[in-house]
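Under the working numbering, the sequence shown is numbered contiguously, ending at residue 701. In what follows, a single structure is set out as structure tokens and then discussed.
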Amino acid sequence: MRLAHRTGQPLFCLFAKSMQDEYFVHESSYVDDGAVIGSGTKIWHFCHIQSGARIGKNCSLGQNVNVSGAAVIGDGVRIQNNVSIYDGVVLEDNVFCGPSCVFTNVTTPRAHFPVHGVFSYTRVRAGASLGANCTVVCGHTIGRSALIAAGAVVTHDVPDYALMAGVPARRIGWVCECGQRLGEDLKCSCCGREYSLDQEGRTLAQKDCPSDGIQHQSQGGSVG
Ligand SMILES: CC(C)(COP(=O)(O)OP(=O)(O)OC[C@H]1O[C@@H](n2cnc3c(N)ncnc32)[C@H](O)[C@@H]1OP(=O)(O)O)[C@@H](O)C(=O)NCCC(=O)NCCS
Ligand SMILES: [Zn+2]
């Protein structure tokens, strides 16, 4: 049996088809038929995973998390309490969603003119973190290992490694892949990783990292 709860049939907490693809669902949560959940993932209290949702391996979903049917979540993603991952939201590997952070998927919503499946997409690239209670206005990409401050409102694409704060969010610095803020020398005082800026000073890349600043740690992504 793969599901702990099927909609309308609260049962007990249980998991998997075999030991190999085992995952945990708390008995208070619902997983609809047709959701795909990777091994090692833990789904805690009062969550709802809708049919069609794809969740990778070794994720953690805190209390009161909703995952819609056209949402995609990679491996190693941590979602804190009270977060809804709507249709059109893609979270790549090792993304961190702080408590009560907010995604959106319609730019100009109207109750009496519903859009029925026409969404603006949001992609959060590998290793990025979203602070508590921030809001991501849809239609944007948050770069690899970027860090969004608590309470910020993201209204534009965010470069890799950018530290963004405020309403609307502005870049106030750069952060290392490990989460440490970078000083002017762009060398992490914590882990020693080094970075360089492009000529316009707009994008940061990790030195000695041929194509993808995060791949050497996460070994590629599971999210297409
Ligand atoms: C943005 C952040 C990373 C900055 O941390 P920091 O480098 O230690 O920065 P400081 O606390 O020294 O603050 C530096 C400046 O930024 C401001 N600042 C800090 N956090 C801010 C935020 N969320 N929004 C707006 N401004 C912020 C401070 O007021 C300070 O401004 P000042 O220089 O005018 O006094 C941190 O405050 C933050 O928001 N982290 C996310 C925490 C979170 O949500 N965790 C979720 C898991 S529990
Ligand atoms: Zn570092």
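Cβ coordinates follow ideal geometry from the N, Cα and C atoms, glycine included.
Exposed unless 16 or more other CB atoms sit within 10 angstroms - verdict on residue i
| i | result |
| --- | --- |
| CYS665 | buried |
| ASP564 | buried |
| ILE691 | Low confidence applies to ILE691: its pLDDT is 48, below 50, so where it sits in the model is not reliable, and the reading given next is rough at best. So ILE691 counts as buried. |
| VAL613 | buried |
| VAL631 | buried |
| PRO591 | exposed |
| GLN486 | Reliability fails at GLN486, whose pLDDT of 40 lies under 50, so the model's placement of it is uncertain and no value is given. |
| VAL549 | buried |
| CYS655 | exposed |
| ASP637 | buried |
| THR584 | exposed |
| LEU488 | Reliability of the predicted coordinates at LEU488 is poor, the pLDDT of 42 falling under 50, and the value obtained from them is presented with this limitation in mind. Exposed, because fewer than 16 other Cβ atoms sit within 10 Å of the Cβ of LEU488. |
| ALA726 | What the structure shows of the chain is the stretch from 478 to 701, and residue 726 is not part of that stretch, so it cannot be assessed. |
| GLN657 | exposed |
| GLY539 | buried |
| ARG670 | buried |
| ALA588 | exposed |
| GLY594 | exposed |
| GLY515 | buried |
| GLN676 | exposed |
| ARG621 | buried |
Within 8 Å, strictly: CB atoms of residue i and residue j
| i | j | result |
| --- | --- | --- |
| CYS574 | ASN610 | no |
| LEU663 | LEU674 | yes |
| GLY653 | CYS667 | With the sequence shown as reference, residue 653 is identified as Cys, and Gly is not the correct amino acid for it. Yes. |
| ILE526 | PHE501 | no |
| ALA603 | GLU569 | yes |
| SER528 | GLY546 | yes |
| PRO586 | ASN559 | no |
| CYS615 | ASN582 | yes |
Cutoff 8 Å: residue i Cβ touching any chain C Cβ
| i | result |
| --- | --- |
| LEU538 | Checking the listed chains, one finds no chain C in this structure; it contains a single protein chain. |
Proximity test, residue i beta-carbon vs ligand 3 heavy atom, cut-off 7 Å
| i | result |
| --- | --- |
| ARG670 | Of the ligands this structure carries, namely ligand 1 and ligand 2, none is ligand 3. |
Original post:
Going along the chain, which residues put their C-beta within less than 7 Å of some heavy atom in ligand 1?
Top reply: Here the list is GLN557, GLY575, PRO576, GLY608, ALA609, LEU624, ALA626, ALA627, GLY628, ALA629, LEU640, ALA642, GLY643, ILE649 and ARG658.
Subject >> Uninterrupted beta strand (DSSP E) stretches inside the region 616 to 648 (no shorter than 3 residues) >> reply: Taken in chain order, the complete beta strand (DSSP E) segments of 3 or more residues contained in the region 616 to 648 are 639 to 642.
Original post:
Using 8 Å as the Cβ pair cut-off and three pairs as the minimum, do the region 592 to 600 and the region 557 to 573 touch?
Top reply: Output reads yes: the region 557 to 573 touches the region 592 to 600.
Subject >> the region 626 to 633 contacting the region 643 to 658, beta-carbon criterion three pairs below 8 Å >> reply: The region 626 to 633 vs the region 643 to 658: in contact.
Original post:
If you scan the region 498 to 544 from start to end, which runs of the beta strand (DSSP E) of 3 or more residues do you find wholly inside it?
Top reply: Listed in chain order, nothing qualifies, since the region 498 to 544 has no complete beta strand (DSSP E) run of 3 or more residues.
Subject >> Any 3 or more C-beta pairs closer than 8 Å across the region 549 to 561 and the region 527 to 541 >> reply: Verdict: yes, contact present.
Subject >> alpha helix (DSSP H) runs wholly inside the region 568 to 625, at least 4 long, in chain order >> reply: You should have found no qualifying run.
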